[in-house]
Every structure is written in C-alpha cells, then in structure tokens.
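**Student:** Per this note's numbering: the sequence shown = residues 1497 to 1745.
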Amino acid sequence: MLEELKKLVSLQNVDSEIFKLEEELDTLPDKNDALEEQIVEKENKIKELKNAIDIQVDEKEKRDEIYKKGEEKLKTITGKQSAIRNKEEYNALLREIDNIKRFNRDLSDEIAEINKEIEAKTEELNITEEQFSREIEGFKKQIEINSKRMDELDKTIDKLYDEREKLSKNIRPAVYNKYQRIIETSPNGKAIAMAEHRVCLGCNMTLPPELYNMVLRAVRIEVCPNCQCILIPGDNHSDNKKSSEKEEN
Ligand SMILES: [Zn+2]
C-alpha cells in the first residue's frame, strides 16, 4: 500500500479512538447531573415527610394544650360546688361539667387519632429514609465513578492528541489536509473507508470498476464519490492484509 495511505490508516485508528472516547466523555456530565437531580428529589421527599409529621405534632400539641385547660377548668368548677345556693345553679354547674367532659373526650379521641397518624408517618419516614439513603449512597458512588472516568478520559484523550500530532507530522501536508477536511465534516469520525467487492463499506455504495481497481492498487489516494471517505482495500485483499493487520483493532 502507498506509504501515505498506511500513515493515514494509523492516524484514523487514533482518531477513531479519540472520537469514541470523546463521545463517552460528552455523556458523563449529563449522567452526573441526572444523578444529582435524583438525589435532590429524594432528599426533598424526605423533607416533605418530615414536614408532614411536624404539622401533625403541632396539631397534637395545640389539642393537648386545650385539653389541659379543660381539665384545669373542671378542677376549678368542681371546687366551686360548695358555693352553690340552689338547684338551678347546681344544674347549670352539672351541665358545664358535662360539656367540658364531653369536649375533652372528643379532643382526646382526636389526639389519639393524630398520634396514630404520627406513628404511621414516622414509620413511613423511617422506611423511606433507610431506602433512600441506600439509593443516594449508590448515586453518589456512581457520580464519583463517573468523575474519575472523566479525568481518565481527559488524560487518555490528551495522550491520543499527542500521538496524533506526531503521526500527522509525518504525513505530507496536502494529504493530511485532505484527510482533515473529510474527518472534520464526518458525522462518525471516519475519514477512511474500506472498499470490498466493489462496495465502499463507509456508505455501501457500489464503486465504479475503474475507481475500485485504483483503490485495490492503492498507489494513489482515492475518495468515495458518495461519502467522500478515502478508500483503502478491504481486509480480504491480500496486500492490505499484510500491512494493516496490526492497525486494525
Ligand atoms: Zn462511501
């Protein structure tokens, strides 16, 4: 194969690796953002549950206070019994005692009801907190893994760019520029395609026979008329097999 083509294949291998790693690198910040969001969501849910319990506790305390006042009033009224002068006053007193007692009975039912709710909500909170804290821990670990991976990728990509620079310096500028123009507009980071059985494997277009023959001879740089990729002989082409075995994979 033309020496320049071999160099381009090496360059393409590095570029494909860069393309792959940069794609992975691109996805990681979004992944971490999504994980952070999930953490906030779960923390908010816990806050909501705690607030709901606080509200119930407040309600209960208010009722406790009223209940206590009622009991105190009962004591005071009961103490007044000796001052009663007639039956009417006595009946009025009995009614008032009765009212307070009934009121406090209802109140104590309500308090019991609220207590039950507080208990149920506290249990829910405990279960949720336990489950969420485990999940949040997992999310945080994943964020850490992703962050480490981003650092790793940054370093590896830097190295690959160094390697690419070295390789590109050895390629004739006209050839390199041609390659560069193609790869810069390529949607998949490919500037080189194999041609096999008269087909460009980059875009699956059938190549004109004379072009295909030129590609197989590999003495000049030929491009696919459809996808613009630089064409090299396919793997099953004996000449190519010898020279690019190392470079593939
Ligand atoms: Zn093509």
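Glycine included, each C-beta is placed from N, C-alpha and C at the ideal position. A quick note: this is a predicted structure, and the numbers were derived from the prediction, not measured.
Using 7 angstroms as the cut-off, classify the Cβ of Ala1689 as near or not near the heavy atoms of ligand 1, replying yes or no.
**Tutor:** For ligand 1, at least one heavy atom lies less than 7 angstroms from the Cβ of Ala1689.
**Student:** Quick check on the burial criterion: 16 or more other C-beta atoms within 10 angstroms. Buried or exposed for Gln1552?
**Tutor:** Gln1552 comes out buried.
**Student:** State the DSSP-derived secondary structure class of Pro1704, mapped to helix, strand or coil.
**Tutor:** DSSP places Pro1704 in coil when its eight states are reduced to three.
**Student:** Mind checking which residues open and close the beta strand (DSSP E) that includes Leu1727?
**Tutor:** Residues 1726-1729.
**Student:** In this structure, does DSSP put Glu1692 in helix, strand or coil?
**Tutor:** Here Glu1692 sits in strand by DSSP.
**Student:** What is the rounded straight-line gap between the Cα of Glu1606 and the Cα of Glu1620?
**Tutor:** Going by the C-alpha atoms only, they are around 21 angstroms apart.
**Student:** Assuming Glu1500 and Val1671 are in contact, meaning their beta carbons sit under 8 angstroms apart, how far apart are those beta carbons, in whole angstroms?
**Tutor:** Going by Cβ atoms, the distance from Glu1500 to Val1671 rounds to 5 angstroms, so yes, they are a contact pair.
**Student:** Specify the secondary structure class of Ser1740 as computed by DSSP and reduced to three states.
**Tutor:** Low confidence applies here, because Ser1740 scores a pLDDT of 43, under 50, leaving its location unreliable and the question unanswered by this model.
**Student:** Do you know how far the Cα of Cys1723 is from the Cα of Glu1692?
**Tutor:** In a straight line, the C-alpha of Glu1692 is about 15 angstroms away from that of Cys1723.
**Student:** Does the beta carbon of Asn1722 fall short of 7 angstroms from some heavy atom of ligand 1?
**Tutor:** Asn1722: yes, Cβ under 7 angstroms from ligand 1.
**Student:** What separation, rounded to the nearest whole angstrom, lies between the Cα atoms of Thr1652 and Leu1504?
**Tutor:** Whole-angstrom Cα-Cα distance: 21 angstroms.
**Student:** Any heavy atom of ligand 1 closer than 7 angstroms to the CB of Met1701?
**Tutor:** True, at least one ligand heavy atom lies under 7 angstroms from that Cβ.
**Student:** Within a Cβ cutoff of 6 angstroms, which residues of the same chain sit near Glu1760, ignoring the five residues on either side of it in sequence?
**Tutor:** Residue 1760 lies beyond the stretch modelled for the chain, which goes from 1497 to 1745, so this question has no answer here.
**Student:** According to DSSP, is Val1719 part of a helix, a strand, or is it coil?
**Tutor:** It is a strand residue.
**Student:** Could you have a look at Pro1482 and say whether DSSP puts it in helix, strand or coil?
**Tutor:** Past the edges of the chain, shown from 1497 to 1745, lies residue 1482, and the structure says nothing about it.
**Student:** With a threshold of 6 angstroms on Cβ separation, who are the neighbours of Tyr1586 within its own chain once the five nearest residues in sequence on each side are excluded?
**Tutor:** Once the five neighbours on either side are set aside, the close Cβ partners of Tyr1586 are Ile1580.
**Student:** What separation, rounded to the nearest whole angstrom, lies between the Cα atoms of Ser1512 and Arg1660?
**Tutor:** C-alpha separation (whole angstroms): 11 angstroms.
**Student:** For Lys1516, which three-state DSSP category applies?
**Tutor:** Helix, per DSSP.
**Student:** Which word fits Gly1730, buried or exposed, when buried means at least 16 other C-beta atoms lie within 10 angstroms of its C-beta?
**Tutor:** By the 10 Å Cβ count, Gly1730 comes out buried.
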